[in-house]
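I have placed the structure first, in the form of structure tokens, so that the comments after it can refer back to it.
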Ligand SMILES: NC(=O)c1ccc[n+]([C@@H]2O[C@H](COP(=O)([O-])OP(=O)(O)OC[C@H]3O[C@@H](n4cnc5c(N)ncnc54)[C@H](OP(=O)(O)O)[C@@H]3O)[C@@H](O)[C@H]2O)c1
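In the working numbering, the protein residues as written are 1 to 321.
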């Protein structure tokens with residue numbers, strides 16, 4: 001196993017809480033530097049995680065010996081910084097949403113392809129073992145043929161100073177909570193879904209979208225109903241409704257690493273609850289990033305980046321009609 005050097009661009013909450021602890025716990029990665037706009041934050045993170053503090057993102061780009069960057073900046077800053085990372089020869093694992101629009105995603109993917117670099121969007125929920133259990137249920141035909149997929153991700157309002165309320169830095173529920181529901185649709189049921197309807201509610205106070213929904217269908221007649229928002233009662237689930245039963249994942253997207261999610265399977269006159277083992281999907285995502293780099297296997301991630309941003313853009317465009 002080849003150990004790779006990784007640096008973090010932006011001392012974000014998600015980096016502090018989850019991703020840097022996962023990097024430190026992973027034998028495949030060596031954390032070399034953290035960069036912040038401010039010296040105070042860079043030094044605070046570097047002290048806590050025993051690595052080099054870099055002040056200013058630009059200065060990180062010119063450090064020697066960095067194989068890859070983990071980039072948890074707000075989406076509106078991704079276009080500039082992801083392209084700079086790629087242009088200086090670094091593989092990139094970027095937080096969702098990776099791109100503010102489809103054009104930006106295409107530019108990033110072309111840059112990564114031309115330099116043989118991995119560009120991956122950090123939807124870590126996909127690496128939680130609970131979904132493998134769901135796939136096994138589907139393979140065993142437990143619920144028959146799939147008819148409808150429903151996914152919901154939403155949470156109560158954040159402080160109004162949060163960047164998610166600022167469109168200038170890629171705010172809005174579409175690029176945030178909706179992203180999980182779209183990725184889940186493609187991850188669970190495949191890539192062939194098209195957007196047929198959508199709705200985004202624009203908050204008059206901040207001017208950004210804060211909740212909405214979308215309706216997608218695929219060539220096999222399956223419908224996907226998506227709900228999302230950040231002025232909502234907390235929901236973090238998906239449901240697969242088949243011809244003879246139904247599967248519910250009740251904590252589908254953000255289970256904490258010590259949390260045991262429940263998968264519920266319902267059939268006529270029958271309801272089974274299966275307790276899943278806790279799993280560290282942050283490490284799972286880092287493992288996949290490492291695998292894609294060392295096995296030169298970036299194509300799937302390029303496809304996912306393009307599909308994801310195209311679908312989000314279609315949802316935005318439909319809602320404007
Ligand atoms: N995959 C997941 O489960 C998950 C969960 C939460 C968040 N996220 C994603 O991770 C990213 C960060 O989210 P977060 O909640 O951790 O945010 P956060 O704590 O606000 O961190 C964002 C960081 O970006 C940097 N930054 C640079 N310019 C900024 C600007 N104009 N406004 C705000 N921050 C700026 C800051 O780092 P410095 O001050 O150090 O420069 C800041 O700490 C987002 O893309 C979000 O969607 C993913």
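Beta carbons: idealized from backbone N, C-alpha and C, even for Gly. Note that the coordinates shown come from a computational prediction; the quantities given were computed from them, not determined experimentally.
For the options 195, 176 and 133, the alpha carbon positioned closest to that of residue 248 is the one of 133. Taking the Cα of residue 285 as reference, the smallest distance to any Cα among 38, 89 and 93 is reached at 93.
Per DSSP, the beta-bridge partners of residue 91 are 68. Using a cutoff of 6 Å, the CB of residue 56 does not count as near ligand 1, since none of the ligand's heavy atoms is closer than that. With fewer than 16 other Cβ atoms from the protein chains shown falling within 10 Å of its own Cβ, residue 38 counts as exposed. Spatial neighbours of residue 245 in its own chain (CB-CB distance under 7 Å, excluding positions within 5 residues in sequence) are listed in chain order as 142, 143, 144, 265, 266 and 267. Here residue 62 is exposed: its Cβ has fewer than 16 other Cβ atoms, across all protein chains shown, within 10 Å. For residue 198, the closest C-alpha among the options 216, 208 and 83 is that of 216. At least one heavy atom of ligand 1 lies closer than 6 Å to the C-beta of residue 13. Linking residue 137 to residue 100 through their CA atoms gives a straight-line distance of about 35 Å. For residue 97, the three-state secondary structure derived from DSSP is coil.
A contact between stretches requires three or more CB pairs, one per stretch, nearer than 8 Å, and the region 276-284 meets this requirement with the region 119-126.
In terms of side-chain proximity, the C-beta atom of residue 52 is found no nearer than 6 Å to any non-hydrogen atom of ligand 1. In this structure, residue 256 has its beta carbon at no less than 6 Å from each heavy atom of ligand 1. With fewer than 16 other beta carbons inside 10 angstroms of its own, residue 219 counts as exposed. In the displayed model, residue 268 falls within coil according to three-state DSSP, outside both helix and strand. Taken in chain order, the whole alpha helix (DSSP H) runs of length 4 or more contained in the region 131-188 number zero.
Cα atoms of residue 175 and residue 74: separation of roughly 10 Å, rounded to the nearest angstrom. The continuous alpha helix (DSSP H) containing residue 44 extends over residues 39-49.
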